[in-house]
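These notes concern the structure reproduced below.
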Amino acid sequence: MTRTHVHADQPATTRRPLARRALTATLAAGMTLGTLAAVAPAAGAQEHEIGGAIRVEYHAAAQANGQSPEDFFGPALSPETPIARDGRFQVFQNDQSIYWAPGVAGGRANQIGGAIRDRWADAEWEDGPLGYPTTREWSGQPSSRTEKVARGNHFEGGTIYAVPDEGTFVTWGLIRDAWWGDGAEEGSFGLPVGPEESTDDGWVQEFEGGTIRVTREGRVSFDWNYSPDEEPSTPSPEAGLGDQLADMVSGWIDQFS
Numbered sequence: 055m056t057r058t059h060v061h062a063d064q065p066a067t068t069r070r071p072l073a074r075r076a077l078t079a080t081l082a083a084g085m086t087l088g089t090l091a092a093v094a095p096a097a098g099a100q101e102h103e104i105g106g107a108i109r110v111e112y113h114a115a116a117q118a119n120g121q122s123p124e125d126f127f128g129p130a131l132s133p134e135t136p137i138a139r140d141g142r143f144q145v146f147q148n149d150q151s152i153y154w155a156p157g158v159a160g161g162r163a164n165q166i167g168g169a170i171r172d173r174w175a176d177a178e179w180e181d182g183p184l185g186y187p188t189t190r191e192w193s194g195q196p197s198s199r200t201e202k203v204a205r206g207n208h209f210e211g212g213t214i215y216a217v218p219d220e221g222t223f224v225t226w227g228l229i230r231d232a233w234w235g236d237g238a239e240e241g242s243f244g245l246p247v248g249p250e251e252s253t254d255d256g257w258v259q260e261f262e263g264g265t266i267r268v269t270r271e272g273r274v275s276f277d278w279n280y281s282p283d284e285e286p287s288t289p290s291p292e293a294g295l296g297d298q299l300a301d302m303v304s305g306w307i308d309q310f311s
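What follows is the structure, encoded as structure tokens:
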């Protein structure tokens, strides 16, 4: 896993839980745990019990998306399976999973699926710096730059955004704080268009409206790519970065005054 500014003081891990990725992909392809035969359950069939907090989310997430649980999730393809920190997960036919862990999200389970789940897998599932999902998948606001609407999940350690025509990206730590302080997708930067990348002196992430950088000392800077007839919004120091944002905004005012 690539080291990030969120966990830069920890050694990078090279372990990747391929077993769960393979299992999830296998089940999503329509194979059962018992036989691994490529035969999907009949429509509406429930070979595996769905219970507890996972069952609550099974119904709630489907309702939030205007569908029945059978249409939104499809049948359960695995039993409830134990994972790290006494958590549980269950895989469903329609490229969906539900995850739960005690003490996370107020005890609620959360749906996650598709490209967002794939990106979470790249970040080592709940064992990585993102931890467990704390929300189900949601729809964001239209981007101030392109009017694109991203989908996302929040996690204990960050957020994953699936951006149309661009890809699926993790945002976290000071970069996410600065972006959110500017209004997130509704602010001057719009949506992320690339992953966080390491540089000689820190980390950087590209957005539709420019670049956000963070140094290894924790200082944040903005680089807008706005046109001459546009004015970038000035992030508020109240957004959670305190003196760092205040210093950054002061530098921006000096630069453009």
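Just so we're aligned, residue 55 is where the sequence shown starts under our numbering, counting upward by one.
We put the CB at the ideal spot given by N, CA and C, even for glycine.
From this set, the options, which residue's C-alpha is nearest residue i's C-alpha?
{"i": "D219", "options": "G211, E201, T225 and Q117", "result": "E201"}
{"i": "A175", "options": "S197, Q259, E271 and T222", "result": "T222"}
{"i": "S198", "options": "G160, I152, P156 and G241", "result": "G241"}
{"i": "P156", "options": "A238, T188 and P196", "result": "T188"}
{"i": "I108", "options": "G160, G237 and Y153", "result": "Y153"}
{"i": "A169", "options": "G206, V268 and W278", "result": "G206"}
{"i": "G263", "options": "G244, V274 and T253", "result": "G244"}
So residue i and residue j are supposed to be a Cβ contact under 8 Å. How far apart are they, rounded?
{"i": "G212", "j": "W226", "result": "3 Å"}
Look up residue i in the DSSP assignment and say whether it is helix, strand or coil.
{"i": "R74", "result": "helix"}
{"i": "A204", "result": "coil"}
{"i": "S290", "result": "The pLDDT assigned to S290 is 46, lower than 50, so where the model puts this residue is not dependable; a value taken from the coordinates is nonetheless given after this. Here S290 sits in coil by DSSP."}
{"i": "W226", "result": "coil"}
{"i": "D277", "result": "strand"}
{"i": "F126", "result": "helix"}
{"i": "A115", "result": "helix"}
{"i": "A216", "result": "strand"}
{"i": "I104", "result": "coil"}
Using beta carbons (cut-off 9 Å, strictly below), is residue i in contact with chain D?
{"i": "W226", "result": "You won't find chain D in this structure, because it holds only one protein chain."}
In the DSSP assignment, what residue or residues form a beta bridge with residue i?
{"i": "P246", "result": "F261"}
{"i": "E210", "result": "The partner list for E210 (beta bridge, DSSP) is empty, contrary to what the question assumes."}
{"i": "D251", "result": "Before going on, a small fix: residue 251 reads as Glu here, not Asp. For E251, which the question treats as bridged, DSSP gives the partners V258."}
{"i": "P136", "result": "R142"}
{"i": "Y153", "result": "F143 and N164"}
Would you say the beta carbon of residue i is closer than 8 Å to some non-hydrogen atom of the ligand SAM?
{"i": "G161", "result": "Looking for the ligand SAM in the displayed structure turns up nothing, as the structure carries no ligands at all."}
From residue i to residue j, what does the alpha carbon distance come to, in whole angstroms?
{"i": "E103", "j": "D125", "result": "17 Å"}
{"i": "H113", "j": "V158", "result": "19 Å"}
{"i": "W179", "j": "G185", "result": "7 Å"}
{"i": "E210", "j": "E134", "result": "22 Å"}
{"i": "V217", "j": "R139", "result": "31 Å"}
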